[in-house]
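Undergrad: Protein chains in written order, with our numbering: chain A, 168 to 510; chain B, 168 to 510. Before I ask anything, let me first share the structure, which is written out below as structure tokens.
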DNA sequence: GTTATTTACTTAAACGTTTAAGTAAATAAA
DNA sequence: TTTATTTACTTAAACGTTTAAGTAAATAAC
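If you want it as structure tokens, here you go:
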């Protein structure tokens, strides 16, 4: 590592000496400064290329107060939603000179705090974050903003904070999905969700509640099961118990991994989907159409959300002065109807 | 950004002045150096904490020639395999002081080359990579090794290179899966795969071929369809055409996203799984047991591969001198039998 | 009581860039 | 021809750490 005898660590000074120029000239030539002759630029670039010179990013960042690095902070990655978001981000940013640091909070507030606190150090130029579901105190986020680090929320935002956000219409989607279940004949729709302070869960819950209220004539009262936010057998048990005790004929699932758990719970209970119970899930899994039965989903614009979020950040960073805290985008989700809610 | 009037960018010098100490003392106190008194250490740490001081990582990295950053280079992220690998990596490294840069090659050799070339700059202390499927020339990798940057391959390695690798037993898994299909009664098993120089694909193909050879009495000759390595309608068409022209009664799918495509193709052709055609797929998707019908899978130890790969890198980086190029781990995959191959 | 050692610091150089300021030579303007 | 401007560089400081080397005071050894 330190003494890599093989690789000759070529730096700017070495390059300068090789070309009999000053490091200043090298630096400017490589960045196409106007006050270097074309001839010299060509000479420098050729040599840099030939010797595999790549500028040390730590030195540059230190000097320029710019890291050309963005932090992506998400709860989990084993989820097609976040995977697609990252793809969206990368589709915009890959061609730029930016680098991406990825941090997983595992949906823990404490981890989120300690991760974000570190960002005041200049490690990153901006942050894209989908907050942990139990994040209610937002001091760590405000602190970062006060330190001048731009933040864009995506998917899960903190409504109370003045910060840019790119979300989808969770309330509406849940409302539509619940209505859809009722319209397909469900008399007793339960919500299977996870506990959290985060807007997406509360919005989805509210959308669900509102739909039931509006359809009060045909539906029972809200009935909600709170699962853990990871794929475990525990959730299957929770859902099964609920199926036994509450006997719902419709389920709205708010998280991707709950689809598998709910299906398995129904199989185990010998409940037929959609004859005995109808199911809708918020998910972007590509397998939805080949499930047994094909799953009606609320498909979120994950890729586009990633693109929009990084787009906002870049716009801010390139000093096209936008007021980040005033930027709020709500991209529409889409209800994709399949067999699991067939009448 | 530059003049963040609100946030007072506190650095070591400011902290030193506030405590009437030199920066050297601050630096050492924060790193628990033996030649600072306990009293002073406490004072420094308290102040650092109170003032939200976080050391500038660019300055540290520049001075120490260590970035505490690892690059993860993968083809795609919209894939539960790589998601799980990243989770595995993070499970080991999250508690350490390391940061992760993520790079997507989109399975393009050219992108891979340009990404890796940049790593000679000192940006990262090590690289975890799963190479692009069309990577055959490995000069870019050797170059990095010669520059002293440790590399660990996972999943997709370059067999011809002397470098650490953590893979799974692709040949064997494909062999077992193919044999399983034959044992379940298939007379004509086709391989649906993607083209690539990468060992996983060639190994899986060889395992498939070998199994057919060994079972020559009952099976037809190898029949292989090469799809594109992303989830597109084009692949569904390719598979359908193959179903028509070759009339296989068994399919071995080598990539996760092909499961959905193959199922849809069969549905469209009114082929019943497993009665008319049996299917096995290399996939870690959690929905496998709730597909129609439940899918027999080759489940790869993705999480464990991530853990092992980062473990090797850390072992090397902490100067427990291991010869990285001699470390080769093959973790077993598991054939999980379900309805899709039922007799 | 003098000398050696230890303790707890400080000084200053270094890491590899970038950039403001400076400069000599060439060209243009007067 | 003298002065002003432009061209194409160089010098040197700065970014914020870390660390080798130095040092004064306190303690220990003799």
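Using N, Cα and C, we set each Cβ at its ideal position, and we do this for glycine too. Only a predicted model underlies this, so the values are computations on that prediction, with no experimental measurement involved.
Determine the chain B residues that contact residue 478 of chain A at a beta-carbon separation under 9 Å, and present them in chain order.
TA: Ordered by position in chain B, no residue passes the 9 Å Cβ test against residue 478 of chain A, which lies about 17 Å from the chain.
Undergrad: Taking the alpha-carbon positions, what's the residue 214 of chain B to residue 179 of chain B distance?
TA: Cα to Cα, residue 214 of chain B sits roughly 11 Å from residue 179 of chain B.
Undergrad: Name the two residues that bound the continuous alpha helix (DSSP H) containing residue 289 of chain B.
TA: Looking at the DSSP string, residue 289 of chain B is not in any alpha helix (DSSP H), and its letter there is neither H nor E.
Undergrad: Answer with buried or exposed for residue 206 of chain A, where buried requires no fewer than 16 other C-beta atoms within 10 angstroms of its C-beta.
TA: Looking at its Cβ environment, which holds fewer than 16 other Cβ atoms inside 10 Å, residue 206 of chain A is exposed.
Undergrad: Give me the subset of the segment 280-292 of chain B whose CB atoms are less than 9 Å from a CB atom of chain A, sorted by chain position.
TA: Going along the segment 280-292 of chain B in chain order, one finds 284, 285, 286, 287, 288, 289, 290, 292 with a Cβ nearer than 9 Å to chain A.
Undergrad: Cutting at 8 Å between CB atoms, please list the residues of its own chain near residue 423 of chain B, excluding the five before and the five after it.
TA: Correct list, in chain order: 246, 247, 248, 448, 449, 450, 451, 452.
Undergrad: In whole angstroms, what separates the C-alpha of residue 468 of chain A from that of residue 498 of chain A?
TA: Rounded to whole angstroms, residue 468 of chain A to residue 498 of chain A spans 7 Å at the Cα level.
Undergrad: Look at the alpha carbon of residue 362 of chain A and the alpha carbon of residue 389 of chain A, and state the distance between them as a whole number of angstroms.
TA: Computed Cα separation, rounded: 15 Å.
Undergrad: Using a Cβ cut-off of 8 Å (strictly closer), state whether residue 460 of chain A contacts chain B.
TA: For residue 460 of chain A, the answer is yes, since a Cβ of chain B falls inside 8 Å of its Cβ.
Undergrad: Give me the chain B residues within the contact set of residue 269 of chain A, using Cβ-Cβ distance strictly less than 7 Å, ordered along the chain.
TA: Here the neighbours are 267, 269.
Undergrad: List the whole-angstrom C-beta distance separating residue 446 of chain B from residue 463 of chain B, where the pair is believed to meet the contact cut-off of C-beta under 8 Å.
TA: Confirmed, Cβ separation roughly 7 Å.
Undergrad: Go ahead and pull the three-state DSSP assignment for residue 300 of chain A.
TA: Reduced to three states, the DSSP call for residue 300 of chain A is coil.
Undergrad: Candidates B/408, B/241, B/411, B/397: which alpha carbon is nearest residue 427 of chain B's?
TA: Answer by Cα proximity: B/397.
Undergrad: Name, please, each residue of chain A whose Cβ falls closer than 8 Å to the Cβ of residue 431 of chain B.
TA: Result: 456, 457.
Undergrad: Going by beta-carbon coordinates alone, are residue 299 of chain B and residue 276 of chain B separated by less than 8 Å?
TA: Contact: yes.
Undergrad: Taking just the CA atoms, how far does residue 494 of chain A sit from residue 320 of chain A?
TA: Rounded to the nearest angstrom, the two C-alpha atoms are 10 Å apart.
Undergrad: Is the separation between the beta-carbon of residue 356 of chain B and that of residue 365 of chain B shorter than 8 Å?
TA: Contact flag unset, no.
Undergrad: Please list, in chain order, all residues of the same chain as residue 173 of chain B whose beta carbon is under 8 Å from its beta carbon, the five residues on each side excluded.
TA: Note that residue 173 of chain B has pLDDT 39, beneath the 50 cutoff, so the model's placement of it is unreliable and the number below is only indicative. Closer than 8 Å at Cβ, skipping near neighbours: no residue.
Undergrad: Who does residue 359 of chain A pair with in a DSSP beta bridge?
TA: Bridge partners of residue 359 of chain A: A/392, A/420.
Undergrad: Please determine if the segment 480-488 of chain A and the segment 321-330 of chain A are in contact, where contact requires at least 3 C-beta pairs separated by less than 8 Å.
TA: Short answer: they don't touch.
Undergrad: Give a yes or no on whether the minimum CB-CB distance between residue 201 of chain B and chain A is below 8 Å.
TA: With 8 Å as the cut-off, residue 201 of chain B does not count as an interface residue toward chain A.
Undergrad: For residue 466 of chain A and residue 501 of chain A, I'd like the C-alpha separation in whole angstroms.
TA: Each residue's Cα considered, the two are about 5 Å apart.
Undergrad: How big is the Cα-Cα spacing for residue 169 of chain B and residue 235 of chain A?
TA: Unreliable placement is indicated for residue 169 of chain B, whose pLDDT of 34 sits below 50; the coordinate value is still reported in the next sentence. Their Cα atoms are separated by approximately 14 Å.
Undergrad: CA-CA distance, residue 182 of chain A and residue 191 of chain A?
TA: Each residue's Cα considered, the two are about 11 Å apart.
Undergrad: Taking the CB atoms as reference points, tell me whether residue 282 of chain B and residue 272 of chain B lie closer together than 8 Å.
TA: In this structure, residue 272 of chain B lies closer than 8 Å to residue 282 of chain B by Cβ.
Undergrad: Residues of chain A with CB closer than 9 Å to the CB of residue 253 of chain B, please, in chain order.
TA: Those within 9 Å of residue 253 of chain B in chain A are 244, 245, 269, 271.
Undergrad: I'd like the list of long-range same chain contacts for residue 509 of chain A, defined as Cβ closer than 6 Å, with 5 residues on each side in sequence excluded.
TA: Hits under 6 Å: 441.
Undergrad: State the Cα-Cα distance for the pair residue 259 of chain A and residue 492 of chain B, rounded to the nearest angstrom.
TA: Whole-angstrom Cα-Cα distance: 36 Å.
Undergrad: Any idea what DSSP makes of residue 475 of chain B, helix, strand or coil?
TA: DSSP places residue 475 of chain B in helix when its eight states are reduced to three.
Undergrad: Does the structure place the segment 338-354 of chain B close enough to the segment 371-390 of chain B that three or more beta carbon pairs sit under 8 Å?
TA: As far as the Cβ criterion goes, the segment 371-390 of chain B touches the segment 338-354 of chain B, which means the pair count is three or higher.
Undergrad: Quick one: is residue 219 of chain A near chain B, going by C-beta distance under 8 Å?
TA: By this cut-off, residue 219 of chain A is an interface position.
Undergrad: Can you grab the Cα-Cα spacing for the pair residue 195 of chain A / residue 407 of chain B, in whole Å?
TA: Distance between the alpha carbons of residue 195 of chain A and residue 407 of chain B is about 57 Å.
Undergrad: Any idea if residue 232 of chain B is buried or exposed, counting beta-carbon neighbours within 10 angstroms, 16 or more meaning buried?
TA: Exposed, because fewer than 16 other Cβ atoms sit within 10 Å of the Cβ of residue 232 of chain B.
Undergrad: What did DSSP end up calling residue 458 of chain A once you bin it into helix, strand or coil?
TA: Looking at residue 458 of chain A - three-state DSSP - the assignment turns out to be strand.
Undergrad: Only counting runs of 3 or more residues, tell me where the beta strand (DSSP E) segments fall wholly within the segment 397-451 of chain B, in order along the chain.
TA: Within the segment 397-451 of chain B, the complete beta strand (DSSP E) runs of at least 3 residues are 417-420, 445-449.
Undergrad: Could you please give me the residues that DSSP links to residue 376 of chain B through a beta bridge?
TA: According to DSSP, residue 376 of chain B bridges with nothing at all.
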